[in-house]
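Chemist: Once you've had a glance at the structure underneath, I'll fire off some questions.
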Amino acid sequence: MTILYFAWVRQQLGRGEETIDLPAGVKTIGDLANHLRQRGGAFGEAFSDRKRIRAAVNQEHVPWDAAVHAEDEVAFFPPVTGG
Amino acid sequence: MNTIRIQTDDFDVNAEIAKLKTSGDVGAVVTFTGAVRRDADIQSMTLEHYAGMTEREIARHMTEACSRWPIAGATVIHRIGKLAPGENIVLVAVASSHRQMAFAAAEFLMDYLKARAPFWKLEERNAASRWVEARNVDDDGLSRWRED
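Below is the structure:
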């Protein structure tokens, strides 16, 4: 799967994109966020407070219990501030 | 005719109005232009977006606007990159046969754009940069459009 990061999440993690194999036991976008938090360091910090982060799967906003699959494009970002 | 453009360049509001006036029975064109505030401390505003998702989100809400109101055409242009105070950020323009529908659809599109389109603003003030925090009021703006 491809994971994209935007705005302060991207800056804090020092990367805008990465490709990983779907980790064992990860079924939802919330599971994936937990998996990334467990990397520790900047990831531990960025994913420590879910209220500060939103997620998308295949370019659509999703809640934390949305399913993720091996071929998905997933994104994590702060609440949007356009317009 | 509906138009969605994400671009670094500025836009010409009059040119966009002229284009919308050619899309059918148009008696009213409502436009909203958002600009970078002229705040004494702000040096610039840099806009980032999620290419692909942005266009899909805006297109979806344009389709919904078209199903709710009989509009002849709509245009959304959103700029990205580094902008100076006073520069344009966004244009929403809606053409319809009568003004009420054009006003309503333009406001609907703008409310959804603010709350759902994946853009983020980085403000540079006093030589320090800071990501602009989302305001709950932008989510609240959506509640009046919900149909149960």
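From first to last, the protein sequence lines stand for chains E and V. If you count by our numbering, then the first sequence holds residues 1 to 83, one letter each, in order. If you count by our numbering, then the second sequence holds residues 1 to 148, one letter each, in order. Using N, Cα and C, we set each Cβ at its ideal position, and we do this for glycine too.
#1: Can you find a CB in chain V that lies within less than 9 Å of the CB of F77/E?
#2: Label E123/V either buried or exposed according to how many other C-beta atoms from any shown protein chain fall within 10 Å of its C-beta, with 16 as the threshold for buried.
#3: Is T19/E close to chain V? Criterion is C-beta to C-beta, closer than 9 Å.
#4: The alpha helix (DSSP H) that contains K19/V, what's its start and end?
#5: Would you say the region 19-31 of chain V touches the region 40-57 of chain E, given that touching needs at least three Cβ pairs under 8 Å?
#6: Assuming contact is defined by CB atoms lying nearer than 9 Å, are L20/V and A104/V in contact in what I supplied?
#7: Helix or strand or just coil, what does DSSP make of R135/V?
#8: How about I77/V and A102/V: do their beta carbons lie closer than 9 Å?
#9: According to a CB-to-CB cut-off of less than 9 Å, which residues of the region 82-97 of chain V neighbour chain E?
#10: If you compare alpha carbons, which of P79/E, K27/E, D72/E, V9/E is closest to D65/E?
#11: Reducing DSSP to helix, strand and coil, say where M45/V ends up.
#12: Any C-beta of chain E sitting closer than 9 Å to the C-beta of D138/V?
#13: What is the residue span of the beta strand (DSSP E) that E107/V lies within?
#14: Pull up the DSSP beta-bridge partners for S96/V, would you.
#15: Please state the DSSP three-state secondary structure of S23/V.
#16: Please report how far the alpha carbon of A127/V lies from the alpha carbon of S23/V, in whole angstroms.
Modeler: In short, the structure shows the following:
#1: Among the residues facing chain V, F77/E is included, as its CB has a counterpart in that chain under 9 Å away.
#2: Counting Cβ neighbours within 10 Å, E123/V comes out buried, since at least 16 surround it.
#3: By the rule that beta-carbons nearer than 9 Å mark a contact, T19/E does not touch chain V.
#4: Its alpha helix (DSSP H) spans residues 13-20.
#5: In this structure the region 19-31 of chain V does not touch the region 40-57 of chain E; the number of beta carbon pairs closer than 8 Å is below three.
#6: No, the Cβ-Cβ distance between L20/V and A104/V is not below 9 Å.
#7: Assignment of R135/V by DSSP, reduced to helix, strand and coil, places it in the coil class.
#8: Against a cut-off of 9 Å, the Cβ pair of A102/V and I77/V comes out as no contact.
#9: Within the region 82-97 of chain V, the qualifying residues are I89, V90, V92.
#10: Nearest C-alpha to D65/E among P79/E, K27/E, D72/E, V9/E: K27/E.
#11: Under the three-state reduction of DSSP output, M45/V falls in the strand class.
#12: Residue-level contact check: D138/V touches chain E, since one or more beta carbons of chain E fall below 9 Å from its beta carbon.
#13: Annotation for E107/V: no beta strand (DSSP E) segment contains it, though the alpha helix (DSSP H) segment containing it runs 99-116.
#14: Note: S96/V sits in a beta bridge opposite A28/V, I71/V.
#15: Here S23/V sits in coil by DSSP.
#16: Those two C-alpha atoms are separated by around 46 Å.
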